[in-house]
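Residues in the sequence shown are numbered consecutively from 6, following this note's numbering.
Idealized CB from N, CA, C, for every residue including glycine.
Being a predicted model, the structure only gives us computed values, none of them experimental.
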Amino acid sequence: MRIMLDPGHGGNDPGAISESNIHEADVNLDVALQMAGHLASNLSHLCRLTRYDDTFIALGERCRIANDWGADVFVSIHCNSFTDPAAEGFEVYTNRELDAADFLASVMWNGFRQAFPLMRGRVDLSDGDPDKEAGFVVLVGTRMPAVLFELGFLSNKMDEARIASFEWRAKAAKVLVDAIREWSLLQ
6 MRIMLDPGHG
16 GNDPGAISES
26 NIHEADVNLD
36 VALQMAGHLA
46 SNLSHLCRLT
56 RYDDTFIALG
66 ERCRIANDWG
76 ADVFVSIHCN
86 SFTDPAAEGF
96 EVYTNRELDA
106 ADFLASVMWN
116 GFRQAFPLMR
126 GRVDLSDGDP
136 DKEAGFVVLV
146 GTRMPAVLFE
156 LGFLSNKMDE
166 ARIASFEWRA
176 KAAKVLVDAI
186 REWSLLQ
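So this is what it looks like as structure tokens:
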């Protein structure tokens, strides 16, 4: 299975920046690189990233990279932010169509919920699963199942403290990889 990991933002686009100056782009890259390390231990999985350093890659180019490689799944890693510092928790997005991405999103959401029971899991159950649907470029411009996972809110003190922890990010990376592996066995 070919797995494309997409650490969101990068280069001149730092993404969200917390009050203590944690840059979303750096967190996204760290988690994606850790995920790639876990995936490398499984010879049946090939893994690539849309970026390997602090480089800006346009959204359409991220899709082209995944499509040209023939990825079987696309996982974009992000952190959230909002003007209301009370907003907290993790969430996962898929496109608006029902496809294999919805099942992957559910496996990821459930894995994160079990691994981090004190963290709020943000959901949209209107279509029977916990993922939210959105028309994000990386979700609609890719030709394979695609999910965008938000690790938490950098604008929220509790989420920021978790995300700042290397140990937490390492556990998050492992949880997401385990979800990808579980999903891949059922494809």
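### Query
How many Å lie between MET6 and THR99 at the Cα?
20 angstroms
### Message
Suppose the cutoff is 6 angstroms on Cβ atoms and the five residues either side in sequence are ignored; what does the same chain contact list for VAL145 look like?
### Response
ASN100
### Query
Looking only at DSSP bridge pairs, what is ASP11 linked to?
SER81
### Task
To the nearest angstrom, report how far apart PHE121 and GLY16 are at their CA atoms.
30 angstroms
### Message
I need the straight-line Cα distance from MET113 to VAL97, nearest angstrom please.
### Response
8 angstroms
### Task
Leaving aside the five residues before and after GLU138 along the sequence, list all residues of the same chain whose C-beta is less than 8 angstroms from its C-beta, in chain order.
TYR98, THR99, ASN100, ARG101, ASP129, ASP132
### Query
Which partner residues of HIS28 appear in the DSSP bridge assignment?
ILE22
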